[in-house]
Amino acid sequence: MKKLLLTALFLPIFGIAQTSVFTESFEEITDLESAGWTLYNDANTPFGTYATMFPKAWNIISWVSESGNTVASAPSWFTVVAPADRWMITPSITLPANSTISLDFFARSSDVSPYDDGFKVKISTSNTAKASFTNILAVAHAVNSPIADLTPYTVDLSAYAGQTIYLSWVNDYTNGNVLSVDDIDVTATPLMAVNDVNKKNMTVYPNPASDYFIINNASDVVSVKVYDISGKVVKSKQVAVDNKFDISNLENGVYTVSIETKTGTVSKKLIKK
202 MKKLLLTALF LPIFGIAQTS VFTESFEEIT DLESAGWTLY NDANTPFGTY ATMFPKAWNI
262 ISWVSESGNT VASAPSWFTV VAPADRWMIT PSITLPANST ISLDFFARSS DVSPYDDGFK
322 VKISTSNTAK ASFTNILAVA HAVNSPIADL TPYTVDLSAY AGQTIYLSWV NDYTNGNVLS
382 VDDIDVTATP LMAVNDVNKK NMTVYPNPAS DYFIINNASD VVSVKVYDIS GKVVKSKQVA
442 VDNKFDISNL ENGVYTVSIE TKTGTVSKKL IKK
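Per my numbering, the very first residue in the sequence shown carries number 202; after that it's consecutive.
Right under this line is the structure:
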């Protein structure tokens, strides 16, 4: 199949409203670096007219057929077939403590399989050097869709509450076309005071855990959800006897345990080994 060449929510939780910590729609800026973003480019030469369309690793572009919406885009279609390595890194983002943090954004590829670019989202808690980033989301193939129907993505960042972070979108696809990202929004929802004493004493143990964990000093637990590092719910359960939860089938790694009680929600970090 021939490649297609391009032409030029706030939901209350338990009555507490979300606040936007960082947002970027790419409608008000024309150059990412001038707006404080960090870019890393590869040594590849974009194919044909893409060479002038994409002079940098990521560029703000729009399409004539879909006017009125500008997005951040990076190509992976080059004169010589090679993996892309194009990074787009946010300015520093300071996340509030004691909050549930969510990253929401839209992404799309501009072509169909096998030219539908994949990408990764990475996070750093120190600086913008490539080596400081770790993966929080990996998408093998972004959906080829109209901009009006972009695919939404959500990543739970609650494990990073209270820290200063950098987020990066990386087009690392080989012989695709163009990847576009739009409407980035990092939101924070304050955790309700479950009961100051109870919240302070609430623990998840053993931690690290191998087969199970127990929630200690937790009253009126309604449900428990376990999120992996990409923000995906890997375990979800209603009230359990003795607040004991089986995690024997989970991969080793770092997880976030979200504990919903009748008076609020608390997040705890859990290490599975």
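For glycine and all other residues, C-beta sits at the position ideal for the given N, C-alpha and C.
Assuming residue i contacts residue j (C-beta within less than 8 Å), just tell me the rounded distance between them.
i      : j      : result
Ile385 : Thr224 : 7 Å
Ser381 : Ser274 : 4 Å
Val423 : Lys463 : 6 Å
Gly454 : Thr355 : That pair is no contact at about 19 Å.
Ala329 : Thr239 : One detail in the question is off: residue 329 reads as Thr in this sequence, not Ala. Correct: roughly 4 Å between the Cβ atoms.
Asp373 : Ala298 : So it is not a contact: roughly 33 Å between Cβ atoms.
Ser221 : Ser359 : Contact doesn't hold; Cβ gap of about 16 Å is too wide.
Ala258 : Tyr241 : 6 Å
Ile261 : Met254 : Contact doesn't hold; Cβ gap of about 11 Å is too wide.
For residue i, does the count of other Cβ atoms within 10 angstroms reach 16, so buried, or fall short, so exposed?
i      : result
Asp412 : exposed
Ser277 : buried
Glu452 : exposed
Ser459 : buried
Val395 : Since pLDDT at Val395 reaches only 43, below the 50 mark, its modelled position is unreliable, and the value read off the structure follows with that caveat. So Val395 ends up on the buried side.
Val377 : Checking the displayed sequence, the identity of residue 377 turns out to be Gly instead of Val. Per the 10 Å Cβ criterion, buried.
Thr280 : exposed
Val387 : buried
Asp443 : exposed
Determine whether the beta carbon atoms of residue i and residue j lie at a separation below 8 Å.
i      : j      : result
Lys474 : Thr457 : no
Lys321 : Asn336 : yes
Ile448 : Val427 : yes
Ala343 : Asp317 : yes
Is residue i near the ligand HEM - that is, is its Cβ less than 7 Å away from at least one heavy atom of it?
i      : result
Ile302 : The ligand HEM is not part of the structure shown, which contains no ligands of any sort.
Leaving out the 5 sequence neighbours to the left and right, which residues in its chain are closer than 8 Å to residue i when beta-carbon positions are compared?
i      : result
Ile214 : Per-residue confidence for Ile214 stands at a pLDDT of 32, beneath the threshold of 50, marking its modelled position as unreliable; no derived number is given.
Tyr361 : Leu296, Ile302, Ile324, Thr326
Phe307 : Leu351, Thr352, Pro353, Tyr354, Val382, Asp383, Asp384
Lys331 : Tyr241, Trp288
Asp421 : Thr462, Lys463, Thr464
Just to confirm my understanding: we take residue i, look at its own chain, exclude 5 residues before and 5 after, and list those with CB closer than 7 Å. What are they?
i      : result
Lys445 : Tyr413, Ile415
Glu487 : What the structure shows of the chain is the stretch from 202 to 474, and residue 487 is not part of that stretch, so it cannot be assessed.
Asp243 : Ala285, Asp286, Arg287
Trp370 : Met289, Phe320, Val322, Val382
Ser333 : Ser325, Ser327
Asn408 : Phe414, Leu471, Ile472
Ile477 : The structure shown does not extend to residue 477, since the chain is modelled only from 202 to 474, so the question has no answer here.
CB-CB under 6 Å to residue i, same chain, minus the five flanking residues each way: which ones, in chain order?
i      : result
Val340 : Gly319, Phe320
Ala236 : Ile230
Gln439 : Ser424
Val282 : Asn376
The segment 350 to 358 touching the segment 244 to 255, judged by at least three CB pairs closer than 8 Å: no
At least three beta-carbon pairs within less than 8 Å, the segment 402 to 411 to the segment 312 to 332: no
Any 3 or more C-beta pairs closer than 8 Å across the segment 364 to 382 and the segment 290 to 307: Touching, yes, given that three or more Cβ pairs across the two stretches are closer than 8 Å.
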